[in-house]
Ligand code: HEM
């Protein structure tokens, strides 16, 4: 095939206008998906749009290793971006993933349901009291960070600090973020965060508890390679990977259900449909637009596209999740759909570690919200023109005002 067919013009490039990107990203993907893989001048990278190519891509991490992001970020942000499990393959990846994976198995996560429900109910008390709330600021943004703080065994009054830190961690890993103007703030934020984590780690060395920090510290006895940098980067990466993503799934989920009253009515009538509903929400409004950029380790062919060693490649999960070759009526939200091949949580060795936790949080959040506030509504204007966060890697609402009746 003629290689020029695979080079997008700026008009065709879905990522050419970041400010308006989320308003019509699905229509933009529709225009280019059939190319399979195409070159985006905005990203100076190859983008994989077709679902069937993503398994080859994610399944071959040695051919397509993650590019350590934020090369211009100040230390210690660079350490986190270099050491975290997603940035490593093979033995280094396995070692870092195995440090924490016991906390994220379906069995381990299931035990958290009561605690999550308690947190959700505490957050929903605001709605009960005022009759309205911002679903993002007052609810979906607060829940994942409180769950992570709970798992770490950190005092709850530090949850706001973790939110602030988490916000910065997400920004510094986003390809559209310019670090230089924020270097001093990033250094300050990391300074505070590391001082706090060092204290917590020393505390668990002296007085072990039943929490994730103790679990990490205890592994020093059997894993002599484990340093302070490995421990704090594991903690901060869980915060980065698990905060914004889960926030987005919950808030986009609320909006999607309110926009689809027939499906919401079925759900309210039978909350056992929640698992199906979460599957479909993750497909329809997946919180991760594009996965972390990779680099070709040698000349490779993806679909019919030849890619040179050193070229950058990005997987567009949202385009793949609405690929009509895989999903019937892909732009329709349908909790009863038969096809279950959504790729929202990635695939292969870097498959999302927190999938079960994110799903449980979303499930409890939606169940409690729609049970306690059955007449929930949102302004028509906001329903039609929601305001999205101006980030490219993730897709999430900036705010969503909800009214109890
Ligand atoms: C990896 C999506 C929630 C922890 C990933 C990847 C995706 C993803 C697509 C693969 C990235 C890539 O290969 O470039 C999501 C979505 C979530 C979510 C959509 C919420 C709806 C969470 C949560 C946690 C978490 C709650 C933990 C608290 C991780 C980790 C990795 C990862 C540690 C890296 C795994 C590895 O490199 O082996 N996630 N995630 N995620 N996720 Fe999630």
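In my numbering, the protein residues as written are 51 to 455.
The beta-carbon is built from N, C-alpha and C at its ideal position, and this holds for glycine as well.
CB of residue i within 8 Å of CB of residue j, strictly
{"i": "residue 403", "j": "residue 164", "result": "no"}
{"i": "residue 450", "j": "residue 305", "result": "yes"}
{"i": "residue 428", "j": "residue 452", "result": "yes"}
{"i": "residue 316", "j": "residue 392", "result": "no"}
{"i": "residue 262", "j": "residue 203", "result": "yes"}
{"i": "residue 460", "j": "residue 86", "result": "The first residue shown for the chain is 51 and the last is 455, placing residue 460 beyond what the model contains."}
{"i": "residue 367", "j": "residue 338", "result": "yes"}
{"i": "residue 61", "j": "residue 92", "result": "no"}
{"i": "residue 442", "j": "residue 117", "result": "no"}
{"i": "residue 346", "j": "residue 328", "result": "no"}
{"i": "residue 169", "j": "residue 196", "result": "yes"}
{"i": "residue 436", "j": "residue 447", "result": "yes"}
{"i": "residue 57", "j": "residue 198", "result": "no"}
{"i": "residue 185", "j": "residue 301", "result": "yes"}
{"i": "residue 426", "j": "residue 303", "result": "no"}
{"i": "residue 106", "j": "residue 352", "result": "yes"}
{"i": "residue 365", "j": "residue 349", "result": "no"}
Bridge-paired residues (DSSP) for residue i
{"i": "residue 89", "result": "57 and 96"}
{"i": "residue 366", "result": "340"}
{"i": "residue 453", "result": "182 and 427"}
{"i": "residue 345", "result": "362"}
{"i": "residue 150", "result": "Answer by DSSP bridge pairing: none, since residue 150 is not bridged."}
{"i": "residue 116", "result": "344"}
Residue environment, residue i, which counts as buried when at least 16 other CB atoms sit within 10 Å
{"i": "residue 51", "result": "Note that residue 51 scores a pLDDT of 48, beneath 50, so its modelled location is shaky; the value from the coordinates is reported in the next line. The residue is exposed, with fewer than 16 neighbouring Cβ atoms inside 10 Å."}
{"i": "residue 194", "result": "buried"}
{"i": "residue 130", "result": "buried"}
{"i": "residue 411", "result": "buried"}
{"i": "residue 413", "result": "buried"}
{"i": "residue 173", "result": "buried"}
{"i": "residue 201", "result": "buried"}
{"i": "residue 355", "result": "buried"}
{"i": "residue 89", "result": "buried"}
{"i": "residue 151", "result": "exposed"}
{"i": "residue 181", "result": "exposed"}
{"i": "residue 94", "result": "exposed"}
{"i": "residue 206", "result": "exposed"}
{"i": "residue 322", "result": "exposed"}
As assigned by DSSP and simplified to three states, the class of residue i
{"i": "residue 282", "result": "helix"}
{"i": "residue 429", "result": "coil"}
{"i": "residue 182", "result": "strand"}
{"i": "residue 327", "result": "helix"}
{"i": "residue 51", "result": "Unreliable positioning characterises residue 51 in this predicted model, as indicated by a pLDDT of 48, which lies under 50. The coordinate reading is nonetheless provided below. Three-state DSSP puts residue 51 in coil, outside helix and strand."}
{"i": "residue 447", "result": "strand"}
{"i": "residue 275", "result": "coil"}
{"i": "residue 397", "result": "coil"}
{"i": "residue 403", "result": "coil"}
{"i": "residue 356", "result": "strand"}
{"i": "residue 155", "result": "coil"}
{"i": "residue 442", "result": "coil"}
{"i": "residue 350", "result": "strand"}
{"i": "residue 219", "result": "helix"}
{"i": "residue 204", "result": "coil"}
{"i": "residue 376", "result": "coil"}
Residue i Cβ short of 7 Å to the ligand SAM heavy atom set
{"i": "residue 408", "result": "In terms of ligand content, the structure shown lacks the ligand SAM and carries the ligand HEM instead."}
- Query: Counting pairs of Cβ atoms below 8 Å between the region 108-128 and the region 220-233, do you hit three or more?
  - Reply: yes
- Task: Could you tell me whether the region 366-383 touches the region 63-82, using the rule of 3 or more Cβ pairs below 8 Å?
- Result: yes
- Query: Between the region 234-245 and the region 208-219, are three or more C-beta pairs nearer than 8 Å?
  - Reply: yes
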